[in-house]
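Trainee: In the numbering used here, the protein residues as written are 151 to 405.
Let me give you the structure first, and then I'll get to my questions.
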Amino acid sequence: MRRGGSKFRLIIGAVVIAFAFVKKCGNKTVNPYTNRVQNINMEPRQEIAIGIQSAPQMAQQHGGLHPDTKLQELIDDIGEKLVNNSMARETPYKYDFHLLADDKTINAFALPGGQIFITYALLSKLKNKDQVAGVLGHEIGHVLGRHSAERIAESEFWKTISAGASVGADAGGIVNQYGNNTLLKNGREDELESDELGVLFMINAGYNPNEMIGVMKILKQAAGPNRVPEFQSSHPDPENRIQHIQEAINKYHKS
151 MRRGGSKFRL IIGAVVIAFA FVKKCGNKTV NPYTNRVQNI NMEPRQEIAI
201 GIQSAPQMAQ QHGGLHPDTK LQELIDDIGE KLVNNSMARE TPYKYDFHLL
251 ADDKTINAFA LPGGQIFITY ALLSKLKNKD QVAGVLGHEI GHVLGRHSAE
301 RIAESEFWKT ISAGASVGAD AGGIVNQYGN NTLLKNGRED ELESDELGVL
351 FMINAGYNPN EMIGVMKILK QAAGPNRVPE FQSSHPDPEN RIQHIQEAIN
401 KYHKS
């Protein structure tokens, strides 16, 4: 009975894993803004809904929105200029830019569908509007790249694979680790893709793309000498990002 039970579990596990791969193949879609083939299992309207629903909670986690209306207007003006002068305006996404009150955490991030945030801690480090545009352009790139939607689909895929492996054998932990490593690698690629898109948006909107390199230097200095090595982080090292940004500047200035 035990041997038969083990065989049955292996069959069930194999079926679950096969289902996960078939579903992933069916989710393949070409991103019309980056021409990259992605594994995505939701529509833009669902991304927008997730972002709008999550925005208040994300703001609360960073001390709420900053009370300075003039600074918020600055963020809005730069963000809207980037959107209106790029392919971002042709997307179904609804872009909203939020200045967070958090004066300790140097960060900016985007939720699915166009909700974009920058902390006051980061804004206070930036030296000019071009650098602000570099940060916001990068985050708009995450939205167009549909990176959050892709991460959600990948996460669901690896959860299903892990469940199948756990049924068939005691291998769920190994598969989970492999899945995490895959997500980590894709996260780095997302950052580089967003950097390149950010450079393009800056150029189209009349901002100096070289100031994005200035942003990288600020991030590097803020991290200090004990920053996490690139291979342990979901973000590429600032030095590698600087090289990639310079390549993007040369690419789009020639075109």
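Positions of the beta carbon are idealized from the N, C-alpha and C atoms, including for glycine.
Quick check: residue 190 and residue 343, are their CB atoms within less than 9 Å of each other?
Mentor: Locating residue 190 in the sequence shown gives position 40, where the first residue counts as 1. Locating residue 343 in the sequence shown gives position 193, where the first residue counts as 1. Cβ distance not < 9 Å, so residue 190 and residue 343 don't count as in contact.
Trainee: Between residue 263 and residue 351, which are expected to be in contact by the criterion C-beta below 8 Å, what is the C-beta distance as a whole number of angstroms?
Mentor: Residue numbering aside, residue 263 sits at position 113 when the sequence shown is read from its first letter. Residue numbering aside, residue 351 sits at position 201 when the sequence shown is read from its first letter. With a Cβ gap of about 18 Å, residue 263 and residue 351 do not count as contacting.
Trainee: Between the C-alpha atoms of residue 349 and residue 210, what's the straight-line distance to the nearest angstrom?
Mentor: Along the sequence shown, one-based indexing puts residue 349 at 199. Along the sequence shown, one-based indexing puts residue 210 at 60. Taking the straight line joining both Cα atoms gives about 30 Å.
Trainee: If we ignore side chains and look at the alpha-carbon of each, how far apart do residue 171 and residue 357 end up?
Mentor: On the sequence shown, position 21 is the one that residue 171 refers to. On the sequence shown, position 207 is the one that residue 357 refers to. Confidence at residue 171 is low in this model, with a pLDDT of 41, below 50, so its placement is unreliable and no value can be given for it.
Trainee: Give the DSSP bridge partners of residue 189, in chain order.
Mentor: Taking the sequence shown and counting its residues from 1, one reaches residue 189 at position 39. Its beta-bridge partners are 178.
Trainee: Measure the C-alpha to C-alpha separation of residue 215 and residue 234 and round it to an integer number of angstroms.
Mentor: In the sequence shown, residue 215 corresponds to position 65, counting from 1. In the sequence shown, residue 234 corresponds to position 84, counting from 1. Going from the Cα of residue 215 to the Cα of residue 234 covers about 24 Å.
Trainee: Identify the continuous beta strand (DSSP E) that holds residue 260 and give its terminal residues.
Mentor: One-based indexing of the sequence shown puts residue 260 at position 110. Where residue 260 is concerned, the enclosing beta strand (DSSP E) stretches over 258-260.
Trainee: Assuming residue 276 and residue 241 form a contact by the criterion Cβ under 8 Å, report the distance between their Cβ atoms to the nearest whole angstrom.
Mentor: Position 126 of the sequence shown, counted from the start, is the residue given in the question as residue 276. Position 91 of the sequence shown, counted from the start, is the residue given in the question as residue 241. Actually they do not touch by this definition, with Cβ atoms about 26 Å apart.
Trainee: What did DSSP end up calling residue 215 once you bin it into helix, strand or coil?
Mentor: As a first step, residue 215 is located in the sequence shown; it is residue number 65 there, counting from the start. Of the three classes helix, strand and coil, the one that applies to residue 215 here is strand, per DSSP.
Trainee: Can you tell me which of 339, 272, 223, 396 puts its alpha carbon nearest to the alpha carbon of residue 255?
Mentor: As a working mapping, residue 255 is identified with position 105 in the sequence shown. Cα-wise, what sits closest to residue 255 is 272.
Trainee: Should residue 346 be labelled buried (16 or more other beta-carbon atoms within 10 Å of its own) or exposed?
Mentor: The residue labelled residue 346 in the question sits at position 196 within the sequence shown. With 16 or more other Cβ atoms within 10 Å, it is buried.
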